[in-house]
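Asks: Take 43 as the starting number for the sequence shown in our numbering and just add one per residue.
I am attaching a structure below and will ask some questions about it afterwards.
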Amino acid sequence: MQLKLYDTLTREKRPFVPLDPAHVRMYVCGPTVYDFAHIGNARPVIVFDVLFRLLRHFYGPDHVTYVRNITDVDDKINARAAERDISIRELTEVTYRDFKEDVESLGCLPPTVEPRATEHIEEMKTLIERLVAAGAAYVGEDHVLFSVAAMPDYGKLSKRSLDEMVAGARVDVAPYKRNPMDFVLWKPSRPGEPAWDSPAGIAAPGRPGWHIECSAMAWKHLGETFDIHGGGIDLVFPHHENEIAQSRCAFHRPVMANFWLHNGFLQVEGDKMSKSVGNIIKIREALADWPGEVIRLNMLRTHYRQPTDWTVRGLEESWRILDEWYATAADAPEDRISGRVLEALADDLNTPEAITALHALRNLAQGGDKFARDELATSLRFLGLMRDTAVIWEARKQVARGIDPARVEALIAERNAARKAKDFAEADRIRGELTAMGVEIRDSKDGTTWEVAT
Ligand code: AMP
Ligand code: ZN
Numbered sequence: 043m044q045l046k047l048y049d050t051l052t053r054e055k056r057p058f059v060p061l062d063p064a065h066v067r068m069y070v071c072g073p074t075v076y077d078f079a080h081i082g083n084a085r086p087v088i089v090f091d092v093l094f095r096l097l098r099h100f101y102g103p104d105h106v107t108y109v110r111n112i113t114d115v116d117d118k119i120n121a122r123a124a125e126r127d128i129s130i131r132e133l134t135e136v137t138y139r140d141f142k143e144d145v146e147s148l149g150c151l152p153p154t155v156e157p158r159a160t161e162h163i164e165e166m167k168t169l170i171e172r173l174v175a176a177g178a179a180y181v182g183e184d185h186v187l188f189s190v191a192a193m194p195d196y197g198k199l200s201k202r203s204l205d206e207m208v209a210g211a212r213v214d215v216a217p218y219k220r221n222p223m224d225f226v227l228w229k230p231s232r233p234g235e236p237a238w239d240s241p242a243g244i245a246a247p248g249r250p251g252w253h254i255e256c257s258a259m260a261w262k263h264l265g266e267t268f269d270i271h272g273g274g275i276d277l278v279f280p281h282h283e284n285e286i287a288q289s290r291c292a293f294h295r296p297v298m299a300n301f302w303l304h305n306g307f308l309q310v311e312g313d314k315m316s317k318s319v320g321n322i323i324k325i326r327e328a329l330a331d332w333p334g335e336v337i338r339l340n341m342l343r344t345h346y347r348q349p350t351d352w353t354v355r356g357l358e359e360s361w362r363i364l365d366e367w368y369a370t371a372a373d374a375p376e377d378r379i380s381g382r383v384l385e386a387l388a389d390d391l392n393t394p395e396a397i398t399a400l401h402a403l404r405n406l407a408q409g410g411d412k413f414a415r416d417e418l419a420t421s422l423r424f425l426g427l428m429r430d431t432a433v434i435w436e437a438r439k440q441v442a443r444g445i446d447p448a449r450v451e452a453l454i455a456e457r458n459a460a461r462k463a464k465d466f467a468e469a470d471r472i473r474g475e476l477t478a479m480g481v482e483i484r485d486s487k488d489g490t491t492w493e494v495a496t
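Laid out in structure tokens, this is it:
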């Protein structure tokens, strides 16, 4: 089976051939850790987790290195730490821990390496020195700037020419810049800001720009050229364009990564998520309302390159689908992953198509096909879904819906007492109360059972 991936740089879906099949290498831009991550940030984490799982399946778990960095030096971090009167490290430690907990709840495997920017300052300085030596960077007023003129095909990833960029840009035309599109590799730190000894003969202490952080961490952990670089579509320009410029000019290589993958954006009920609209949903908040698997499946129901809309309706539908899968195959043993599911994923991570294949397996399983049931269970677990037993899944639903099982049992006992006393009006009233709580009851000759309604 041939894996094919869409490459933003060449605008085509191509067969994926790793540089070294014994060591497949992927870098994904990670979070800036100043606050809880939001559900938009969860999208690349989930998308690239699926790709990581697929690569591990095709090449072997020990032959894939997935690097997702932690940006822990940034102006937003400085501001937030100052606001709370704590050190930067204290802030980023807690935020990073929260992030790890959140994405684990979403069923994501930990990446192979999670490098911190602050622990790679030496590598950044080495890159900067190389760029200056190569004539691709220069010093101006204690800043080091990348000279876009040094890179003839600057703009190739975002398909914009330098002239167009200059015309359309709202960049500061700082006096120390030779070209308005030149970008910062290193800048001076004001008092109170994190600071390190500067490269390129600058006496004043300073700190790195954002783009050089990723070039340095990718280099340290994956080498000068590697297989896949990923992130959200908003990172194409300027972040990834600049990463490419830095890494190619520092190493004199024709490419930084062979495949550039970008996920589309997530909206909330049709609106762009934004502070001004006040519709930013943190992963932590979403997890209070929805089990992590519901959020995960909901994201995977849209192809990763398409925009996706976060809606309560969609989430409810995802929950219902998971309920059916659990009811059909929760406790089935491991078998093999469905060939149709793998084929769909190998076609540029076509998760909607994989889900169609899972529905077909569910239908077969419901008709009594045990192979289909086991394949369904195995394929779901491979995708990071159906990780619970049926009992735990049911309990999660109760917690998410705020249902207290003891209270439900007590109401059922009251209802049964009312029925025994032939007080059917009271029995109906209690049933109504349970329904309003989201509990569905079923009477049989063996007594009354209940479950969370879907
Ligand atoms: P940031 O912390 O803003 O640098 O974002 C971390 C990652 O989340 C990047 O890969 C972004 O492209 C991605 N991202 C941020 N907002 C969204 C969104 N609304 N939808 C999808 N991806 C997003
Ligand atoms: Zn990056």
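For every residue, glycine included, the Cβ atom is placed at its ideal position computed from N, Cα and C.
#1: Nearest to Ala-64 by CA position, among Thr-74, Gly-102 and His-80, is which residue?
#2: Assess contact between the region 444-453 and the region 408-421, defined as three or more Cβ pairs (one per stretch) separated by less than 8 Å. Is contact present?
#3: Could you check the C-alpha separation between Cys-291 and Thr-431 for me, to the nearest Å?
#4: Please report how far the alpha carbon of Tyr-180 lies from the alpha carbon of Tyr-48, in whole angstroms.
#5: Let me confirm a value: Phe-61 is counted as buried when at least 16 other C-beta atoms fall within 10 Å, else exposed. Which label applies?
#6: For the region 265-307, which segments carrying the alpha helix (DSSP H) assignment without a break, of at least 4 residues, lie completely within its bounds, in sequence order?
#7: Mind checking whether Arg-338 and Trp-367 have CB atoms under 8 Å apart?
#8: In angstroms, rounded to a whole number, what distance separates the CA positions of Ala-175 and Ser-240?
#9: Terminal residues of the continuous alpha helix (DSSP H) containing Trp-435?
#10: Determine whether the beta carbon atoms of Glu-255 and Ala-159 lie at a separation below 8 Å.
#11: In whole angstroms, what is the alpha-carbon distance linking Met-10 and Leu-93?
#12: Look at the Cβ atom of Lys-219, then the Cβ atom of Gly-251, and state whether they are nearer than 8 Å.
#13: Beta-carbon within less than 6 Å of Leu-51's beta-carbon, same chain only, minus the 5 sequence neighbours each way: which residues are those?
#14: List the residues that DSSP assigns as beta-bridge partners of Asp-485.
#15: What would DSSP say about Gln-309, mapped onto helix, strand or coil?
#16: Any heavy atom of the ligand AMP closer than 7 Å to the Cβ of Cys-150?
#17: Between His-80 and Val-87, what straight-line distance do the alpha-carbon atoms span, to the nearest angstrom?
#18: Assuming Thr-350 is part of the alpha helix (DSSP H), what are its boundary residues?
#19: Give me the Cα-Cα distance between Arg-326 and Glu-156, rounded to the nearest whole angstrom.
#20: What's the C-alpha gap between Trp-168 and Asp-373?
#21: With burial defined as no fewer than 16 other Cβ atoms inside 10 Å of the residue's Cβ, what is the status of Ser-289: buried or exposed?
#22: Based on the DSSP secondary-structure assignment, which residues constitute the bridge partners of Lys-314?
#23: When you compare each of Met-259, Glu-235, Ala-260 and Ser-257 to Gly-248 by their alpha carbons, which one comes out closest?
#24: Going along the chain, which unbroken runs of the beta strand (DSSP E) with 3 or more residues stay wholly within the region 74-117?
#25: To the nearest angstrom, how far is the alpha carbon of Pro-217 from that of Phe-141?
#26: Are the region 177-197 and the region 303-317 touching by the rule of at least three beta carbon pairs closer than 8 Å?
#27: Looking at the unbroken beta strand (DSSP E) that takes in Lys-229, where does it start and where does it end?
#28: Measure the alpha-carbon distance for Gly-265 versus Asn-111 and round it to whole angstroms.
#29: Where do the ends of the beta strand (DSSP E) carrying Gly-182 lie?
#30: Helix, strand or coil: which one does DSSP assign to Val-186?
#31: Compare the beta carbon distance of Gly-72 and Thr-113 with 8 Å and say whether it is the shorter of the two.
#32: Do Lys-439 and Phe-78 have their CB atoms nearer than 8 Å?
#33: Cβ-heavy atom distance between Glu-285 and the ligand ZN below 7 Å?
#34: Taking all protein chains shown into account, decide if Thr-344 is buried (16 or more other Cβ within 10 angstroms of its Cβ) or exposed.
#35: Among Glu-493, Lys-262, Ile-472 and His-282, which residue has its Cα nearest to the Cα of Ile-163?
#36: Compare the Cα-Cα distances from Leu-476 to each of Ala-463, Glu-456 and Ala-287 and report the closest residue.
Replies: Looking at the coordinates:
#1: Gly-102
#2: no
#3: Their Cα atoms are separated by approximately 52 Å.
#4: Cα-Cα distance, rounded: 35 Å.
#5: A small fix is needed here, since residue 61 is Leu in this sequence, not Phe. Burial call: exposed.
#6: 283-293
#7: No, the Cβ-Cβ distance between Arg-338 and Trp-367 is not below 8 Å.
#8: 15 Å
#9: Counting along the chain, the alpha helix (DSSP H) containing Trp-435 begins and ends at 432-442.
#10: yes
#11: Here the chain covers residues 43 to 496 and nothing more, so residue 10 does not appear.
#12: Contact flag unset, no.
#13: Leu-199 and Trp-302
#14: DSSP, once it has assigned bridges, lists Thr-490 as partnering Asp-485.
#15: strand
#16: no
#17: Rounded to whole angstroms, His-80 to Val-87 spans 11 Å at the Cα level.
#18: Not the alpha helix (DSSP H): Thr-350 falls in the beta strand (DSSP E), residues 350-352.
#19: Arg-326 and Glu-156: Cα-Cα distance of roughly 21 Å.
#20: Note that residue 168 is Thr in the sequence shown, not Trp. Looking at the two C-alpha atoms, the distance is approximately 53 Å.
#21: buried
#22: Looking at the DSSP output, Lys-314 shares a beta bridge with Gln-309.
#23: Glu-235
#24: 106-110
#25: 39 Å
#26: no
#27: 225-230
#28: 15 Å
#29: 179-182 is the extent of the beta strand (DSSP E) around Gly-182.
#30: strand
#31: Judged by their CB atoms, Gly-72 and Thr-113 are nearer to each other than the 8 Å cut-off.
#32: no
#33: Yes, the ligand ZN has a heavy atom inside 7 Å of this Cβ.
#34: buried
#35: Lys-262
#36: Measuring from the Cα of Leu-476, the nearest candidate turns out to be Glu-456.
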